[in-house]
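Numbering (the UniProt record's numbering), first residue to last: 28 to 450.
Quick reminder that beta carbons are idealized off the backbone N, C-alpha and C, glycines included.
Predicted model only: the values in this text are computed from it and were never measured.
What follows is one structure encoded as structure tokens, with my remarks underneath.
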Ligand code: FNR
């Protein structure tokens, strides 16, 4: 109702309320490369489309004449009451959208009490985000590195900097076939963007020093400081905004024009993930951290059960917003089955394709405990920085609240399948 009142009083929104208009505004604000990286999906982007289409197969069934004057969006999640059922999904390389990047998002999330999942590919080290926005509930997302020492170090830092849980992303053991990026010959990491969690890590810095030594390049002990400075972040952003295209080699290693030492970028490319990861490896994470562990990228019901058997504390149904596997299974299609099989034993986070408040309601009604938002907040960030990201999240929450009331419910926790009709 605040949002409506502001509208009536003539205060124009900073970001378009309509999801498609928001994406169009972000496209305008960004370079071709930055927009392609954020908006794009894998292959022919059929998974991206299928994620959206899946929501169209459910309708919200309105039930009037039930007093809905008091409505409650809060949920229990990871041992705490949260004011809303939303999370901000981990998005890497947010300096592409705005120079404030993860700090701006964290401040927006803090003001709404929405937990923020810090990306392993963040533009700002997790400790700096913690300093800048100490009140935001934080989780840390890990891409399982080829270096176990690095994994252990990242998780130690997550715990030490106040993260409440670890989210291990499982669907990026091989980087997806990102057609838009390939056409533009654009991979931000090769420019030193989105690698701040690495360059601020002592284990990673040691790996870089070893690499420099083994390449017998000078200086050895006085190895390059590979910490991402604000200046290099800004350099990256200005490259992205100008839309300067890379010259045509297909090899990312040939395309290095990073302001960071080349060795840091090469080391990153080597350790970033491992296609050899298996279920057996997951047990190691328990030695590295005492935080709750959620697995992100679960799409098959059998894998959800396997995660429970492996003692995981939560599952996160996601196909990475269609950025990894094209022709993949849309997440909403499998949510009800997975929710039935999990039967409330651990929380279920849901993402991929959520664009508006009614999407959140549908996912909750089909069994999600919490719902994560991806691209829309990046678009808000691109259009109007911290305020833009906040406004996007507020709009989703406002529409969720209205949809809850119109559907005849007073609490998101009472939503079930009877709130919906399948088309
Ligand atoms: C992502 N996603 C992602 N996931 C992850 O675990 N770690 C990461 O660093 C990133 N980075 C990232 C960057 C960008 C630009 C996008 C769009 C996505 C995936 C993200 O967490 C989430 O699963 C999807 O964004 C959800 O889909 P929607 O909401 O974007 O459709």
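For residue 419 and residue 407, I'd like the C-alpha separation in whole angstroms.
So the alpha carbons of these two residues sit roughly 6 Å apart.
Note down, in chain order, each residue of its chain lying with its Cβ closer than 7 Å to the Cβ of residue 442, except the 5 sequence neighbours on either side.
Counting only residues of its own chain and dropping the five nearest sequence neighbours on each side, residue 442 has a CB closer than 7 Å to the CB of 388, 391, 392, 436.
Exposed unless 16 or more other CB atoms sit within 10 angstroms - verdict on residue 365:
Result: buried.
Residue 41 versus residue 34: straight-line alpha-carbon distance, rounded
Using only the alpha carbons, I get a separation of about 11 Å.
Closest residue to residue 294 among 447, 162, 65, 216 (Cα-Cα distance):
The shortest CA-to-CA distance from residue 294 to any of 447, 162, 65, 216 is the one to 216.
Please classify residue 449 as buried or exposed, where buried requires at least 16 neighbouring CB atoms within 10 angstroms.
So residue 449 counts as exposed.
Can you give me the C-alpha to C-alpha distance between residue 44 and residue 30, rounded to a whole angstrom?
Roughly 11 Å between the two C-alpha positions.
C-alpha distance - residue 290 paired with residue 231, whole-angstrom precision
Put simply, the backbone Cα of residue 290 is about 11 Å away from that of residue 231.
Run the CB neighbour count on residue 241, radius 10 Å, all protein chains shown included, and call it buried at 16 or more, exposed below.
Residue 241 is exposed by the Cβ-count criterion.
Tell me the rounded alpha-carbon separation between residue 446 and residue 156.
Between the alpha carbons of residue 446 and residue 156 lies a gap of roughly 39 Å.
Considering residue 103, what are the terminal residues of the beta strand (DSSP E) in which it resides?
102-104 is the span of the beta strand (DSSP E), which, as asked, contains residue 103.
Three-state secondary structure (DSSP) of residue 222
Three-state DSSP puts residue 222 in coil, outside helix and strand.
In the DSSP output, which residue or residues are listed as bridge partners for residue 205?
69, per the DSSP bridge assignment.
Going by DSSP, what residue range makes up the beta strand (DSSP E) through residue 364?
Counting along the chain, no beta strand (DSSP E) covers residue 364; the unbroken alpha helix (DSSP H) around it starts and ends at 358-369.
Going by alpha carbons, who is nearest to residue 357 out of 140, 312, 80, 136?
Comparing Cα-Cα distances from residue 357 to each of 140, 312, 80, 136, the minimum goes to 80.
Along the chain, where does the beta strand (DSSP E) that runs through residue 427 open and close?
In the DSSP assignment, residue 427 falls outside any beta strand (DSSP E) and lies within the alpha helix (DSSP H) extending over 402-434.
State the DSSP-derived secondary structure class of residue 94, mapped to helix, strand or coil.
Coil at residue 94, not helix or strand.
Shortest alpha-carbon distance to residue 378 belongs to which of 117, 108, 353?
The candidate whose alpha carbon is nearest that of residue 378 is 117.
Note down, in chain order, each residue of its chain lying with its Cβ closer than 7 Å to the Cβ of residue 431, except the 5 sequence neighbours on either side.
Beyond the five residues adjoining it in sequence on each side, residue 431 comes within less than 7 Å, by CB distance, of 98, 388, 439 in the same chain, given in chain order.
Among the residues of its own chain, which have a CB less than 6 Å from the CB of residue 90, if the five just before and after it don't count?
Cβ within range, chain order: 435.
Measuring alpha carbon to alpha carbon, tell me which residue in 140, 333, 120 is nearest residue 109.
It is 140.
Would you say residue 125 touches the ligand FNR, meaning its beta carbon is less than 6 Å from a heavy atom?
Result no, Cβ not under 6 Å from the ligand FNR.
Length of the line joining the Cα atoms of residue 173 and residue 236
Put simply, the backbone Cα of residue 173 is about 17 Å away from that of residue 236.
Residue range of the unbroken beta strand (DSSP E) whose run includes residue 167:
For residue 167, the uninterrupted beta strand (DSSP E) segment begins and ends at 165-170.
If we ignore side chains and look at the alpha-carbon of each, how far apart do residue 159 and residue 191 end up?
C-alpha of residue 159 to C-alpha of residue 191: approximately 17 Å in a straight line.
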